[in-house]
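> Once you've had a glance at the structure underneath, I'll fire off some questions.
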Amino acid sequence: MSEQSSQAISPTILTTNCPGSYRLKRRVSQSVLYLLLILGALVMIIPFAWMISTSLKTVQYVLTTPPQLIPNPATLDSYLRLFELYPIGRMLFNSLLVAGLTTLGQLVTCSMAAYAFARLKFRGHNLVFLFYLATLMVPFQVTITPLFILMRIFGWINTYQGLILPGVFSAFGTFMLRQAFLTIPLEYEESAYMDGASPLTIFLRIILPLSKPALATLTVFAFMGSWNAFLWPLFIVREQTMMTLPVGLATLQGRWLTEWNLVMAGTVITVLPMLSLYLFAQKYIVQGFVMSGLKG
Amino acid sequence: MSTKSIFARVFALFLSLSLLLAACAPVVTPTPITEVIEKTVEVVVTSTPESVEPVEITYYTFSAAPDHLNDLDQMIQLFEAKYPNIKVKVETAPFDNYFTKLQTLIAGGVAPDVFELNYENFVTYAEKGLLLDLSPLLKTDSSIDSTIYYPRALEAFSYNGMQLGLPATFSTVMLFYNKDLFDAAGVAFPTADWTWADAVAAAKLLTDPTEGVWGLHSGVQFWEFYKKAAQNNCKFFNEDKTSVLINSPECVQALTTMVDFVKRDKVMPSAAEMGGVSDGDLFLSGKLAMDVTGIWMFAAFKDAPFKWDITVEPSMATKATHFFANAASIFAASKHPQEAYQWVQFFTSDPEMAKIRVDSGWELPALSNPAFFTDYLSQTPPSNRQAVFDSLQFAVVPPVIARQTEMQDGVGKLLDQVMLGQLTSQEALDQAKTLIERLLK
Amino acid sequence: MVVHHSKYQKYLWAGFFLLPSLVGLLVFMIVPMVSSLALTFYEWDPLIPTRFYFQGLQNYLTLVKDTNFWAALLHTLFYIAGYIPLVLTAGLGVALLMNQKLVGRAFFRGAFFMPVISAWVAVALMWTWIFNPKFGIVNYLLSLIGITGPSWLYDPNWAMPAIILTSVWKDIGFIMVLFLTGLQSIPQEYYEAASIDGAGNWPRFRYITLPLLSPTAFFALIISLINSFQVFDQVWVMTQGGPAGSTSVLVEQIVNNAFRYGRMGYAATMSWVLFLIVFLVTIFQMRMQKNWVTYE
C-alpha cells in the first residue's frame, strides 16, 4: 500500500451493501462536502487572485472603489519596472542561498536533537527539552539587539554567516521532529538493537526514512521562515548586493506614497518559489508510512 | 521529576545566569551629556585635501530608495570627482524601519558616518549627544557661508547653540483643491485669506453624498492638531515647559473645530468612511474637493485627470502652517568627521546637487537663494507654487519634549478617542495634560 | 525498551546528537535571551549603549502600574481565546478532508496553504479591503442576509475580531499541514485490522485516528499558543494597535518601548513577564498531556 486511502470516512467500502436511501444520503453529504471545500478554497485564494490582478494594473486603477478584480487595461509594466529599480536576480539568489542553507542546517541539527530527545532518553532530558521550548517564548524583537551586538563582536555584520546562522538553530523544528519520532513504533528498532546496531545506524537507516513526511514538512516551514524573514536581514545587511527579497522590496513602501501595483508584483515574485517548493514537497508529505518487510 | 521541580530548576537557572550577568555588566555612572557634546573636532577645511588614501564614508538615507537612487548616484559621482579621496557608500532602509535600524546600528557600535534625520528624530538624537557639532567646521569652511541655507531650516537643526545638522530638504503642507469640482458646484476657488469658516461653507456646497464626493479633508492627528492649535493661538506648553497648556480653551476650540468637520459639518469623511483609502488617493480619484496635505504629493497628483491647484492653508484666529525639514547629520563618534563634513556640505548646498534635485522632483533643497527655485516655480501642476514659499512666513515647529514619541502616541490615541465619540474634546485634552505632565517629570 | 550497552555510552551518544543544536542554541538564542533578562534590571537606551542605569526591580514595579500593559495583556488573551479554538478545529477538519481520496486533492492542498507562504504586508492590504465597511465583501455578504455590518477595523469593538478572522484564514493551512503529516504517519494496518473487525467510521476515528494524532495535536496546540501570545505582525500592519488602542497587544507594547521610546530595559521586562505567562501555560499543558496524549 503506497498511498493512504480514506480513513475516517470511507464511502465506497460502506455503501456497497447498504440500502438505496443510505447511498443517496452519502452522495448528498459528499456533494455538500465538496461544496464547502470549494468555497473554502475560494476564500483562501481569492485574495491572491486579487493580488495578481493588482500587479497587472496601471497605477490609477489600483485603489478604485469598489475594487475591480479583472485588470483593465492589464500590463506587465509593474514587473518590468521592478527589474529596473532593483537587482531582482541578485536578491533572488541571496534569498535562495540563505533559505537553502538555513533549511539544510535545520534539518540536520533538529533531527539529531529530536532523536536524542525521543529515543536517547538521558537523565535530565525533560529539563533540557523545556530549555529548548523556552527559547520560543521570548519575543525575538527584544533579543534582536543583543544578538546584533554579538554579531558585531564576531565580526559577522554584513556577512552570509551572520544572515544564516542565527536562523539555523530552531527549537520549533526540534519539537516537531521529536513528536514525529515519538510516534514511530518501537518494534521497528527493536530487532536492530538486538542485532547490536548503534544509535547512529538506527537513526540513519530506520528513523529518518520513516519520517519523510515530517522532514518534508520541516523543509517547507524552515525554508518559508527564512525566505520571508525581514527584520534580522534588514539589520545585518548593509549593502544592496547582500539584500534578500523581503528587505530589498521593502523600500517600495514609501514614506508618503506606496505604489501597490509594484508591491503586489514584488509579492508575486516572492511567493512563486515558495509555492513551487511546497507543491514539490507535497509528494513526500503524502507518501505516507512505508512499511517494508520489517514484520517478521 | 515533577513538573514543579522542573519549573523551579529552570527558573533558578535563568535567574542565576541573569544575576551573574547583571553583576558583571558595567554599572557606569552616567556621564553627563554635555561632556560628550563638548568633544570638539579640530579640523581645517581646505579645498584641496591633503591625505592620499581614499576614505570611505557611509551615508544612510530613507528618502532615496527606490525612485531617486539614480539621482543620488549622480550626486555622488559629482562629489567624488570634486573630492577624489572620499568614497561615499549608500545604505538605505524604508522609512518605517529606518530609525529602528539606525538605533540598532548605533547600539552595535557600527553607526553610519552621515545619516538623514527628520525633525522629530533630530531632537531625540541631538539631546542624546549623538550628533557632531558642525559650527566650527562651518566657520573654518571658506567655500560656503551659512547664509546659503534658508534660515528657518538652519535654525531647526541647531540645538543649544550648536549646529547639529545641515538642512537637506524642506517641505510644507498646503491646501490642495480640485478646480473641476469647484467649477461644477459654482464655488469660488480658495484664496490665501480664507478662514476655516470660509472653507467649511465652501465644502458644504461641494459635498455630494450621492456621488460620494467630500468637501475637505484635514487629518485629526498629532501634527495637524498642534498646527490648528497654533492657528488658534494656543501652545501645548510654555517656553520652559513648566506648565502644560494643551487643555486651554483655545486648544479645545481648535480640536472641536477639527472634529466638527466630520461630526457636525459633515464635510469630511471619518476613518471608517474612508475605509483604508488615504486622503491622497481620494483626492486623486476626484472624490475630494479640498485636501490638506504636503507638497510631496505633487508627483503623485501630476497625472490627475482633473485640474487642481494649491493655496496657503486657511486660518482660525491667525495663520499657522507646517514646516518640515530633513537634515544630514554626522555621527558624533564618526571616524572621518572631516570627510563626512565635505559630503554633508556638498549634499546640502552644492548648486549642481540642487539642480538635480529640482529637475527630478526629489524634494526641495533648503537654500535661501531664489535662483535655485526658478525651475521649480515654472513646473506645473500646480501653477500656484509660489504659495509654497508664501506659507513659510507662517511656519510653526512641532512641540518637542524628551519623551517625544510617547507624547505623540499618547495624544494621538486621545484624538482617536474623540473621533470615536469616546471622549469630548475637553476630556481628551485634560487627559493629554496629565499625560504630558507625567512625561515631563 | 531501549537497550544500551552502557550508561556511559548512552550519554556519549546523547551528547553527539544533541551538541550541534545545543551549541547553536546557546550562542544565538540563550546568550541574547539572558542578556535581555539582565537588562530588565536596568534602564538602557540603545542610542547610548555604554550607559546602564541600575534599576533593581523598579521596571517590574512600573509594569504592574502600567495600564497600557494590562490593556495589551487583555487584548492578547482575547485574541487567543478567539484564534486558538477556531484555527485548530478548522485546521484539523480541513486536514481530515484533505486526507481523503478526493478529486483535485493536490489543488485543494495548495489552495489552503497559499495564505501561509505570503508575508503579512501584502495580505494585510487585501484584508483591509475585504473588511472595508462600505465596499468590502464581508459587509456585502452580511447585507444579503439583512445585517448591516460593523466598521470592522475602524470600530474598537470589531477590530480585534477582524484580526482574529484574518489570522485564522492565514494559519489554517499551517495547522492543516501539521495534521496531515501526523495523519500520514498512522500505519494503515491499524485501520485494516479495524475494518476486518467490523468497526465503523466513528469508532475508527475515536480509537485509532484521535489517539495516534494526539502527539501532533499537542504540538499544534503548544506552538499555536506560544505564537499567539506573541501576535504582532498583523496588528502592526492592519491597525497599528488602533483604533484608539483597542488592538494593542503585548509584543506591540514591547516593540514601542524597545524601538520607539528608547526604553529597552522596560521592553525586556515586559518580554520576560510575557515569557513567564507562556511558560506557565506550557507547563500546564505538558502536565495535562498525560490525560489525553498517547505515545507508543
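Quick note, the sequences are listed as chains F, A and P, same order.
With the numbering used here, letter number 36 in the first sequence gets 36, and the count goes up by one each step, no holes.
With the numbering used here, letter number 314 in the second sequence gets 610, and the count goes up by one each step, no holes.
With the numbering used here, letter number 151 in the third sequence gets 888, and the count goes up by one each step, no holes.
Idealized CB from N, CA, C, for every residue including glycine.
Between P/F1021, P/S888, P/P952, P/S758, which has its C-alpha nearest A/A567's C-alpha?
P/S888
> Going along chain P, which residues have a C-beta under 8 Å from A/A567?
Those within 8 Å of A/A567 in chain P are Y891, P980.
> Any beta carbon of chain A sitting closer than 7 Å to that of P/N1028?
no
> Can you give the Cα-Cα distance for A/M612 and A/Y522, rounded to whole angstroms?
13 Å
> So, using beta-carbon positions, are P/I874 and P/I867 closer together than 7 Å?
yes
> For A/D367, which residues of its own chain have a beta-carbon under 6 Å away from its beta-carbon, when the five flanking residues on both sides are left out?
I652, S656, W658
> Hey, would you say A/L710 sits closer than 7 Å to A/A728, going by beta carbons?
yes
> Output yes if chain P places a C-beta closer than 7 Å to the C-beta of F/G293; else output no.
Confidence in F/G293 is poor, its pLDDT being 30 and thus under 50, which makes the residue's placement too unreliable to answer from.
> Please tell me whether F/T251 and A/P601 are closer than 7 Å, where the distance is taken between their beta carbons.
Contact: no.
> On the criterion of 16 or more Cβ atoms from any shown chain inside 10 Å, does A/Q682 qualify as buried, or is it exposed?
exposed
> What does a CB cutoff of less than 8 Å around A/A550 pick up in its chain, not counting 5 residues either side in sequence?
F521, K524, A525, Q527, N528, C530, M612
> Please classify F/I13 as buried or exposed, where buried requires at least 16 other C-beta atoms within 10 Å of its C-beta.
Note that F/I13 has pLDDT 42, beneath the 50 cutoff, so the model's placement of it is unreliable and the number below is only indicative. Its Cβ having fewer than 16 others within 10 Å, F/I13 is exposed.
> For the region 49 to 61 of chain F against the region 250 to 268 of chain F, do three or more pairs of beta-carbon atoms, one drawn from each stretch, fall closer than 8 Å, so that the two count as touching?
The way I'd put it, the region 49 to 61 of chain F does touch the region 250 to 268 of chain F; three or more beta-carbon pairs between them come closer than 8 Å.
> Measuring only the C-alpha atoms, how far is A/I440 from A/F643?
13 Å
> Any chance the region 35 to 51 of chain F sits against the region 844 to 858 of chain P, with 3 or more Cβ pairs inside 8 Å?
At 8 Å Cβ cutoff, the stretches touch.
> Whole angstroms is fine: what's the gap from A/Q675's alpha carbon to A/F597's?
Going by the C-alpha atoms only, they are around 13 Å apart.
> Roughly how many angstroms lie between the CA atoms of P/V968 and A/M470, to the nearest whole one?
39 Å
> Can you tell me where the alpha helix (DSSP H) with P/A1004 in it begins and where it stops?
1001 to 1029
> At a Cβ threshold of 7 Å, is F/F235 touching chain A?
yes
> So P/T885 contacts chain A; which residues on that side make the cut at Cβ distance below 8 Å?
The premise fails here: P/T885 is roughly 13 Å from chain A at the closest Cβ pair, so nothing lies under 8 Å.
> Report yes or no: is there a C-beta of chain P within less than 7 Å of the C-beta of F/R28?
At residue 28 of chain F the sequence reads Val, which differs from the Arg that was named. No, F/V28 does not count as interfacial toward chain P.
> Within a Cβ cutoff of 8 Å, which residues of the same chain sit near A/P447, ignoring the five residues on either side of it in sequence?
Around A/P447: S664.
> For a test of the three-state rule: what should DSSP assign to A/A318, helix, strand or coil?
Caution applies to A/A318, whose pLDDT of 49 falls short of 50 and renders its modelled position unreliable; the value that the coordinates give is listed next. Here A/A318 sits in helix by DSSP.
> Assuming P/W973 is part of the alpha helix (DSSP H), what are its boundary residues?
970 to 975
> Could you spell out the range, first to last residue, of the beta strand (DSSP E) harbouring A/T607?
Its beta strand (DSSP E) spans residues 604 to 607.
> In the DSSP assignment, what are the bridge partners of A/V469?
A/G590
> Write down the C-beta distance between F/F223 and F/A99 rounded to the nearest angstrom, noting that I regard them as a contact closer than 8 Å.
5 Å
> Would you mind reading off the limits of the beta strand (DSSP E) that contains P/F791?
789 to 791
> From P/S880 to P/N869, what does the alpha carbon distance come to, in whole angstroms?
13 Å
> Check the Cβ of A/D705 against every Cβ in chain P and list those closer than 8 Å, keeping chain order.
N993, R997
> Can you give me the C-alpha to C-alpha distance between A/A498 and A/W510, rounded to a whole angstrom?
11 Å
> Report yes or no: do the region 540 to 548 of chain A and the region 626 to 640 of chain A share at least 3 C-beta pairs separated by less than 8 Å?
no
> Just to make sure I have the definition right: I need the residues of chain F whose C-beta is within less than 7 Å of the C-beta of P/S1098. Which are they?
Past the boundaries of the shown model lies residue 1098 of chain P; chain P is included only from 738 to 1033, so the question cannot be answered.
> Please specify which runs of the beta strand (DSSP E), each continuous and at least 3 residues long, are wholly inside the region 488 to 555 of chain A, giving them in chain order.
510 to 513
> From what residue to what residue does the beta strand (DSSP E) around A/V625 run?
This sequence places Ser at residue 625 of chain A; Val is not what is there. Segment 617 to 626, the beta strand (DSSP E) holding A/S625.
> Among P/Q795, P/Y944, P/Q1022, which residue has its Cα nearest to the Cα of P/A1005?
P/Q795
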